[in-house]
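A short write-up of the structure that comes next.
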Amino acid sequence: MSSGNAARRAGIIAIAQELDAAGLVPNKSGNVSCRSPGGFLITPAGVPYRELAPADLVELPVHGSPAAEGPRPSSEWRMHGAIYAARAEVEAVVHTHSPQATALACTGRGIPAFHYMIALAGGDVRCTPYATFGTAELADSALRGLAGRRATLLGNHGVIAVGASLREAHSVAVEVENLAGQYLAMLAAGLEPLLLGDAELQRVIEKFADYGRLTR
Ligand SMILES: [Zn+2]
């Protein structure tokens, strides 16, 4: 285990446990990964987040399959690998079943650009059609949902968020949950949000970049 990977493993565990403590990955759902010299490191299948140890994380090549022996990676390793293969700027991936965003994803609705914080996701958040967990179909669908964005809702499933660091991917996932809650509140009240235009969103994206909001 290289010292670089030791830091990566600790970073993944910290983020996974924060998501768990915040209730964003109920019942061992979700998974977290980051790029590594060998491809990417990902949380394992079936280990409760509070019990995660560095050696439980699994390193996989970006284009490849898990070894037959040793700890099993999360069932969503294909989706993580496909994102690292397709998106050179992505250093970390966070997948959650966070309650409000998942509720919205079960209606097939994405999140429109009603609040400037959606700039963290790179713009409005799509919702992909349903695909079975762990499949290449889900991986392809996630990539389409993520086109030009840092997050997408996965239909009848949950959320995937990406970033230039673990912290950034985590922030995006947390904000998607927050915005989904706001959107559900508006829908529950029978209200429709006023939307921000593309020019304003672009302005906010640039301001976030200036303030380093997207690289922490
Ligand atoms: Zn999932």
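For reference, each letter of the sequence shown is one residue, going 0 to 215 in numbering that gives the first Met the number 0.
Even for Gly, the Cβ is constructed at its ideal location relative to N, Cα and C.
These figures come from a predicted structure and were not determined experimentally.
Might you give, ordered along the chain, the residues of its own chain that have their beta carbon closer than 6 Å to the beta carbon of residue i, omitting 5 neighbours on each side?
| i | result |
| --- | --- |
| A130 | E136, L137 and S140 |
| Q99 | E176, A179, G180 and L183 |
| V61 | G38, G80, Y83 and A84 |
| D19 | Y48 |
| R77 | A135 and A138 |
| L194 | P111, A112 and F113 |
| G63 | none |
| M0 | With a pLDDT of only 48 at M0, under the threshold of 50, the placement of this residue in the model should not be trusted; the figure read from the coordinates follows. Closer than 6 Å at Cβ, skipping near neighbours: no residue. |
| T101 | G157 |
I think residue i touches residue j, with their Cβ atoms under 8 Å apart; what is that distance to the nearest whole Å?
| i | j | result |
| --- | --- | --- |
| R125 | L152 | 7 Å |
| L222 | C33 | Because the chain here runs from 0 to 215, residue 222 falls outside it and cannot be looked at. |
| V161 | A91 | 7 Å |
| V158 | S97 | 6 Å |
| R149 | A104 | Not confirmed; about 16 Å, so no contact. |
| G3 | T95 | Not really, about 26 Å apart at Cβ, beyond 8 Å. |
| L51 | P72 | That belief does not hold up - the Cβ atoms of L51 and P72 are roughly 13 Å apart, past 8 Å. |
| E17 | H169 | 7 Å |
| A172 | V93 | 4 Å |
What does a CB cutoff of less than 8 Å around residue i pick up in its chain, not counting 5 residues either side in sequence?
| i | result |
| --- | --- |
| M220 | For residue 220 there is no data in the structure shown, the boundaries of the chain being 0 and 215. |
| P128 | G107, S140 and G154 |
| L132 | Strictly speaking, residue 132 in this sequence is Phe, with Leu absent from that position. Only S74, E75 and H156 meet the Cβ criterion. |
| P65 | V57, L59, R71, P72 and W76 |
According to DSSP, which residues form a beta bridge with residue i?
| i | result |
| --- | --- |
| E58 | L40 |
| L152 | C126 and V158 |
| I117 | Answer is none; I117 lacks a bridge partner. |
| V31 | V93 |
| I14 | I14 pairs with nothing; no bridge assigned. |
Between which residues of its own chain and residue i is the CB-CB distance below 7 Å, once the five residues before and five after are set aside?
| i | result |
| --- | --- |
| P47 | K27 |
| R8 | L40, P53 and L56 |
| P70 | P43, D55 and V57 |
| A15 | V31, T42, Y48 and L51 |
| Y210 | none |
| L200 | A112, A118 and G122 |
| V203 | Y115 and A118 |
| E35 | The sequence as given places Ser at residue 35; Glu does not occur at that position. N4, R7 and E58, listed in sequence order. |
Check whether chain B comes within 9 Å of residue i, counting only Cβ atoms and requiring the distance to be less than that.
| i | result |
| --- | --- |
| L51 | Going by chain labels, chain B is absent from the structure shown, which holds only one protein chain. |
I want to check one thing, is the minimum distance from the CB of residue i to the heavy atoms of ligand 2 below 8 Å?
| i | result |
| --- | --- |
| H96 | No copy of ligand 2 appears in this structure; the ligands present are ligand 1. |
Counting only runs of 3+ residues fully inside the segment 73-103, write out the beta strand (DSSP E) ranges in chain order.
-> With a minimum length of 3 residues, the unbroken runs of beta strand (DSSP E) contained wholly in the segment 73-103 fall at 91-95.
Note down, one range per segment and in chain order, each alpha helix (DSSP H) of at least 4 residues found wholly within the segment 153-210.
-> DSSP runs (the alpha helix (DSSP H)) wholly in the segment 153-210: 165-187 and 197-209.
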